[in-house]
Amino acid sequence: MHSKELILTIDVGTTNAKAAVFHESGRLLAVEGYEYPTHFPRPGWAEQDPEDWWSYAVLAARDAIKRARATPDAFIGVAVSSQRETLAFIDREGRSLGRVPTWMDRRSLPQAEEIKRRLGVKEVYERTGLIVDATFTATKLLWFKENCRELLERAWIGLQPKDYIVYKLTGVAVTDETVASRTMLFNIRERRWDEKLISELGLSDYAYILPEVKRSWEVVGGVKEDSARLIGIAPGTPVLAGTGDRTA
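So in full-length UniProt numbering, spot 95 of the sequence shown is number 95, and the numbers just go up one at a time.
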C-alpha cells in the first residue's frame with residue numbers, strides 16, 4: 001500500500017499497549033498488543049513505568065504496521081488513546097522521573113478525605129463533574145506534595161499516558177479535554193484548568209506541570225525522525241491530541 005489511506009492508532013491501557021492499522025474507510029487491517037507490568041510495592045499501591053508505555057507501544061505499532069504490510073508513507077495520521085487519571089512526571093530533558101501511581105492506586109485516600117472536609121463534595125462536583133475520590137489526579141498530586149515534594153519540584157510537565165506517547169512521537173507536551181477532565185482540576189463548564197480550585201487545594205505552586213489543553217481531534221505535531229524510524233512510519237506524519245480510552 002503506497003497511497004495515503006491508512007491510520008495508525010495506539011492505545012495505552014491499564015494492562016497493555018495495543019496498536020491497530022485502519023483503512024480510512026474504517027476497515028481494520030492489523031492489530032497487535034503487548035502486556036506491560038504493574039507494580040504493587042505496598043498494599044493499595046499500583047504503579048507503572050512510563051518508559052514501559054512507550055517501549056511496548058513502539059513494539060505494538062511496529063508489528064501492526066508490518067502485519068498490515070504498510071509502507072511508511074501510507075499513513076494519514078496517528079491517533080492515541082489511553083487509561084486516564086495516571087500522571088507521569090517528565091523533567092526538562094524530556095525524561096520520565098520514574099514509576100507513577102495509576103488510576104487504581106489508593107494511597108491518596110487521606111488526601112481525598114481532607115478535600116471532602118475542606119471543600120465539600122458538592123463544590124468539587126459542580127466545577128469538575130467528579131466525585132471526590134483517590135482515583136483522581138488531584139489527590140495524588142497532594143500525596144506527592146506531602147510525601148515526595150522533591151519529585152514534583154524536579155518535574156517540568158505532567159503527562160497522562162496518551163500524552164506521554166504523543167510527546168515521545170512529536171516532542172510536543174499537551175493534553176486534551178477528555179483526560180484533563182479526569183484530574184479533578186479541570187473546570188468542565190469553562191473548559192480550562194480551574195485556577196481557583198487549584199489554589200484552594202494548595203497546588204498553585206505546581207500548576208506549571210499541567211499542560212496546555214487541546215481538543216481531541218486537533219493535530220499537535222508531526223512524528224519526529226527518531227520516533228518514525230522506531231515505528232516504521234514517515235517523519236512528519238500528523239499526530240492528534242487523542243482521547244481517554246473510555247471516552248473513545
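The beta carbon of each residue, even a glycine, is placed where N, CA and C say it ideally should be.
Cβ-Cβ distances below 8 Å link Gly77 to Ile7, Leu8, Val219, Thr237, Pro238, Val239 and Leu240 in the same chain, with the five nearest sequence neighbours on each side left out; the list follows chain order.
Ranked by Cα distance from Val121, the options Gln111, Ser181, Val132 and Arg182 are led by Val132. Excluding five sequence positions before and after Ala112, the CB atoms of its chain that fall closer than 7 Å to its own CB belong to Val132, Asp133, Ala134 and Thr139, given in chain order.
Nearest C-alpha to Pro43 among Gly221, Arg106 and Pro37: Arg106. When DSSP states are grouped into helix, strand and coil, Glu126 belongs to the helix group. When DSSP states are grouped into helix, strand and coil, Phe89 belongs to the strand group.
The residues Pro235, in chain order, have a CB closer than 7 Å to that of Glu225 in the same chain once the five nearest residues on each side in sequence are set aside. When secondary structure is reduced to three states using DSSP, Asp205 falls in the helix class. Residue state for Phe22 is assigned as strand, using DSSP reduced to three classes. As DSSP reads the structure, Glu35 sits in a beta bridge with Asn16.
For Pro238, the beta-bridge partners assigned by DSSP are Gly222. Secondary structure of Glu47 (DSSP, three-state): strand.
Counting the other Cβ atoms within 10 Å of the Cβ of Gly98 gives fewer than 16, which makes it exposed. According to the DSSP assignment, Lys4 belongs to no beta strand (DSSP E), since it is labelled neither H nor E.
A straight line joining the alpha-carbon of Leu28 with that of Leu141 spans about 39 Å. Under the DSSP definition of a beta bridge, Pro72 lacks any partner. About 11 Å separates the beta carbon of Ile10 from that of Ile233, a gap too long to meet the 8 Å contact definition. The continuous beta strand (DSSP E) containing Leu159 extends over residues Ile157 to Leu159. Under the three-state reduction of DSSP, Ser227 is assigned to helix. Excluding its 5 nearest sequence neighbours in each direction, Glu35 has C-beta neighbours in its own chain below 7 Å: Thr15 and Asn16, listed in chain order. Using a Cβ-Cβ distance cut-off of 8 Å, the segment 173-185 and the segment 206-220 are in contact, since at least three pairs of beta carbons, one from each stretch, lie closer than that value.
Bridge pairing for Val174: Glu212 [DSSP].
Excluding five sequence positions before and after Asp63, the CB atoms of its chain that fall closer than 6 Å to its own CB belong to Glu32, given in chain order. Within the same chain, Cβ atoms closer than 6 Å to the Cβ of Glu212 are found at Val174, the five residues on either side in sequence being excluded. Taking a contact to require three or more Cβ pairs closer than 8 Å, the segment 162-174 and the segment 145-154 do not qualify as touching. The segment 85-96 and the segment 156-165 touch, with three or more beta-carbon pairs separated by less than 8 Å.
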